[in-house]
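Asks: The following block contains the structure, expressed as structure tokens.
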Amino acid sequence: MKTRDRLRIAMQKSGRLTEPALDLLKRCGLTFRQSRDKLFCFGEGEPVDLLLVRDDDIPGLIEQGVCDLGIVGRNVLDEFSLTAGIDGAPLKEWRPLGFGRCRLSVAVPQEMAYESATSLAGQRIATSYPGLLGRWLRDAGVDAQVVTLAGSVEIAPKLGTADAICDLVQSGGTLVANQLREVDVLLESEAVLAGPEALPTDERGDMIELLLKRLDGVIQVSE
Ligand code: PRT
Ligand code: ZN
């Protein structure tokens, strides 16, 4: 692939992580020229540009080398690592960023008895995270049916298409509104800086080192 001399960071175009990610980069001393609704934001002072995309596309863009780094939820990064092919470079969580906190949990209808993962044996569990749920079930030695849904996971039990769900939870309000209760946590998530395990050895590698140093300073200050 043609090498680039500017660092490219993928981040969410429009969603929960957009504002806090831009704010964090700003606190690292990075400023960008273009308006946020464009695909690209050009770095003004430093040779760092942003690519604004759907969060689900971020791990793939790093794996393919289209971007050097990405700001994405641990839930999305880990799911990608578990389910994507192994042809690309392995990805690494370089830094936890302290925002976008949530958890990936199993929830069951209020009236359903639940003691441990074994209570799910033979049940259908709806999720958008088949990789993470599958691993958790395997580790627990539980044989259950994973029903993969792209969205509206929380209504699956009411529709009768699943017995339980595995979804992101923050306040818990969505679960309560759907008469579900959280019974097990699979993953504590937050936004992370993701990148390849092996950093580029050219100027981009130096730029990443500098960015990591600045991030550590900024994150320490806000803790
Ligand atoms: O368009 P694009 O694909 O980029 O956006 P998206 O809709 O996939 O993502 P978005 O913006 O909703 O979330 C981006 C990331 O924010 C997620 O991948 C998580 O890492 C993180 N995050 C933090 C959350 C939540 N909190 C959250 N509460 N992502 C989703 N939710 C949803 C959850 O799916 C459920 O429907 O909110 C509902 C639960 O919230 P509570 O407060 O009712 O429990
Ligand atoms: Zn998404």
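Sequence positions in the sequence shown follow our numbering and run 944 to 1166. Just so it is clear, CB atoms sit at the ideal spot from N, CA and C, and this is done for glycine as well. Values in this document were obtained by computation on a predicted structure and should not be read as measured data.
(1) On the DSSP letters alone, give me the boundaries of the alpha helix (DSSP H) that residue 961 sits inside.
(2) Please identify the residue among 1123, 1101 and 995 whose C-alpha is closest to the C-alpha of residue 955.
(3) Using the Cα positions of residue 1047 and residue 1132, report the straight-line distance between them to the nearest angstrom.
(4) Strictly by DSSP, which residues pair up with residue 993?
(5) Determine which residues share a DSSP beta bridge with residue 1125 and list them.
(6) Should the region 1042–1058 be called in touch with the region 1110–1126, which here means at least 3 C-beta pairs below 8 angstroms?
(7) Just the Cα atoms here: how many angstroms apart are residue 1042 and residue 1063?
(8) If contacts are defined as beta-carbon pairs under 8 angstroms, then residue 1136 and residue 1040 qualify, I think. What distance do you get, rounded to the angstrom?
(9) If you drop the 5 nearest sequence neighbours on each side, which residues of the same chain put their C-beta closer than 6 angstroms to that of residue 1100?
(10) Quick check: what's the CA-CA separation for residue 1128 versus residue 1024?
(11) Could you tell me the boundaries of the beta strand (DSSP E) in which residue 946 lies?
(12) Does the region 1133–1152 come into contact with the region 1077–1096, if we say contact requires no fewer than three beta-carbon pairs (one atom in each stretch) closer than 8 angstroms?
(13) Please decide whether residue 1080 counts as near chain B, where near means a Cβ-Cβ distance under 8 angstroms.
(14) Let me check understanding here. Comparing Cα to Cα, which of 1164, 1166, 1162 and 1143 lies closest to residue 950?
(15) Can you determine whether any heavy atom of the ligand PRT sits closer than 7 angstroms to the C-beta of residue 1018, and answer yes or no?
(16) Is residue 1116 helix, strand or coil by DSSP?
(17) Extract the residue ranges of the alpha helix (DSSP H) inside the region 1129–1155, only unbroken runs of 4 or more that lie entirely within it.
(18) On the DSSP letters alone, give me the boundaries of the alpha helix (DSSP H) that residue 1081 sits inside.
(19) So residue 1068 and residue 1109 are supposed to be a Cβ contact under 8 angstroms. How far apart are they, rounded?
Replies: Answer, in terms of the structure:
(1) 961–970
(2) 995
(3) 7 angstroms
(4) 952 and 984
(5) 1050
(6) yes
(7) 31 angstroms
(8) 6 angstroms
(9) 1052
(10) 19 angstroms
(11) Segment: none, residue 946 is in no beta strand (DSSP E) and carries neither H nor E.
(12) no
(13) No chain B is part of this structure, which consists of one protein chain only.
(14) 1143
(15) yes
(16) helix
(17) none
(18) 1073–1083
(19) 6 angstroms
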